[in-house]
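The block underneath contains the structure these notes are about, expressed in structure tokens.
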Amino acid sequence: MNGVLLLLNKKGMLIFISFAFMLVSCQGNPGQGPEGGDSPMSAVKPLKADLIQPNGTNVAERIAVPNGFERMPVETGSYEEYLRQIPLKPHGSKVHLFNGELKAKEVYEAVLDVDVGERDLQQCADSVMRLRAEYLYGKGWYDKIHFDFTNGFKADYATWTKGNRIEVSGNKVSWVKRGARSNSYEGFRSYLNMVFAYAGTLSLAKEMEHITLSDMRPGDVFLEGGSPGHAIVVMDMAQNPKNGEKLFLLAQGYTPAQEIHILENPSNGKGNPWYNISFGDKLQTPEWKFTNEQLFRFYN
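Residue numbering for the sequence shown follows my numbering, starting at 2 and increasing by one per position.
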């Protein structure tokens, strides 16, 4: 996330910032991606199907469920419903990087209509935080918007709205009063840029709650905290009412910062991005491999 260098002008800080991002960015890992490592142990067979509805404008409308499945019920106004109804760019849209270039690998079925910004900030964990924060901001639940920096500092939006700003000096972080109270969207995005600069997979892994696959619901996150690390959010789920079999959709951001996109399922091929919850020991996604024990949830 080198774009954060523009935020500060003290030489000592720049050295620290650059190093911090080496720790939290979601870069490729030869042992994790589809090109490296073992094939996942799967308990299900690939399901070839064309489930894409080109005229659909959100996740629920664009991606149908396979025969025999139904979308799992969600509460009205919930985060799960928010993700299911998030607007998508027109069918066939390509994923763009923060600088306008195209993503090299077309490993996606749809692109979320969510801007990526003009800096190399909104990468993998940042995309997860962006979706969660946008939902809470839209609800007016400002006190629930908070994320930890990699060094443990709690950056809460409620404090930001009171005119306070975050000051970084080396590894010391503190709040400084710098303006009037405001909960404007512009200020909210400035807050998120600061969070993206200093939080990542390492910090998310510490502040999120580990859960089991059987408890999975939309909004949960497959997360590997590390250097490199990666994070992918569960966007929607479906279930077969006859046998209880469950499916889920995944979305990610990546490095460099790029538009959030619904991932394809390499096993199924184009047209069916659903993943089966009985994937075995390893979950193989197009650009990362997770274990079945790396599922997390936001506390609030």
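Note that beta-carbon positions come from the ideal geometry of N, C-alpha and C, so glycine has one too.
For residue i, the nearest candidate out of the options (CA to CA)
| i | options | result |
| --- | --- | --- |
| glycine 171 | Asn152, Asp157, Trp161 and Ala61 | Asn152 |
| arginine 298 | Ala61, Asn273, Arg190 and Val234 | Val234 |
| arginine 72 | Ile167, Lys247 and Glu288 | Lys247 |
| proline 287 | Lys271, Glu210 and Tyr300 | Lys271 |
| isoleucine 167 | Phe197, Glu210 and Ser79 | Phe197 |
| arginine 307 | Glu81, Asn68 and Glu210 | The requested residue 307 is not part of the displayed model; the chain covers only 2 to 301. |
| methionine 195 | Tyr158, Asn184, Pro67 and His211 | Tyr158 |
| phenylalanine 223 | Ala200, Ala252, Tyr192 and Met238 | Ala252 |
| glutamine 295 | Met209, Asn68 and Ala134 | Met209 |
| proline 74 | Gly201, Ala239 and Leu52 | Ala239 |
| serine 370 | Leu284, Val45 and Ala200 | Since the first and last residues shown for the chain are 2 and 301, residue 370 lies out of range. |
| threonine 160 | Thr292, Arg133 and Gly188 | Gly188 |
| leucine 52 | Asn68, Ala156 and Leu98 | Asn68 |
| threonine 213 | Glu260, Thr202 and Thr292 | Thr292 |
Helix, strand or coil at residue i according to DSSP, with G and I counted as helix
| i | result |
| --- | --- |
| asparagine 228 | Inspection of the sequence shows that residue 228 is occupied by serine rather than by asparagine. It is coil, neither helix nor strand. |
| asparagine 68 | coil |
| threonine 256 | coil |
| aspartate 157 | strand |
| aspartate 114 | coil |
| serine 185 | coil |
| lysine 178 | strand |
| threonine 213 | coil |
| lysine 238 | Here residue 238 turns out to be methionine, not lysine, going by the sequence shown. Looking at methionine 238 - three-state DSSP - the assignment turns out to be strand. |
| lysine 90 | coil |
| aspartate 127 | helix |
| lysine 283 | strand |
| glutamate 168 | strand |
| aspartate 121 | coil |
| proline 35 | For proline 35, the pLDDT reaches just 41, beneath the cut-off of 50, and the residue's location in the model is therefore unreliable, although a value from the coordinates is still provided. Looking at proline 35 - three-state DSSP - the assignment turns out to be coil, as it is neither helix nor strand. |
| leucine 137 | helix |
| threonine 292 | strand |
| aspartate 221 | coil |
Through-space distance from residue j to residue i, alpha-carbon basis
| i | j | result |
| --- | --- | --- |
| glycine 245 | alanine 65 | 18 Å |
| leucine 48 | glutamate 119 | 38 Å |
| phenylalanine 280 | phenylalanine 70 | 17 Å |
| phenylalanine 249 | arginine 179 | 44 Å |
| methionine 130 | leucine 103 | 23 Å |
| proline 55 | valine 108 | 17 Å |
| valine 115 | histidine 262 | 10 Å |
| lysine 163 | glutamate 76 | 32 Å |
| proline 229 | tyrosine 255 | 11 Å |
| lysine 207 | glycine 227 | 11 Å |
| lysine 140 | cysteine 125 | 24 Å |
| arginine 85 | alanine 61 | 6 Å |
| valine 96 | glutamine 285 | 21 Å |
| serine 204 | phenylalanine 154 | 10 Å |
| lysine 90 | glycine 220 | 20 Å |
| valine 177 | valine 169 | 10 Å |
| serine 79 | arginine 190 | 22 Å |
| proline 267 | lysine 46 | 12 Å |
Where residue i falls, given that 16 or more other Cβ within 10 Å makes a residue buried
| i | result |
| --- | --- |
| glutamate 265 | buried |
| asparagine 269 | buried |
| proline 88 | exposed |
| glycine 93 | exposed |
| asparagine 100 | exposed |
| proline 242 | exposed |
| asparagine 273 | buried |
| valine 112 | buried |
| glutamate 110 | buried |
| serine 175 | exposed |
| tyrosine 136 | buried |
| serine 215 | exposed |
| valine 117 | buried |
| lysine 106 | exposed |
| aspartate 144 | exposed |
| tyrosine 300 | exposed |
| asparagine 277 | buried |
| proline 31 | The predicted model places proline 31 with a pLDDT of 36, which falls under 50 and marks its position as unreliable; any figure quoted below should be read in that light. Proline 31 is exposed by the Cβ-count criterion. |
| tyrosine 192 | buried |
| tryptophan 303 | Any property of residue 303 remains undetermined from this structure, which presents the chain solely from 2 to 301. |
| histidine 211 | exposed |
| arginine 63 | buried |
| tyrosine 138 | buried |
| alanine 258 | buried |
| lysine 290 | buried |
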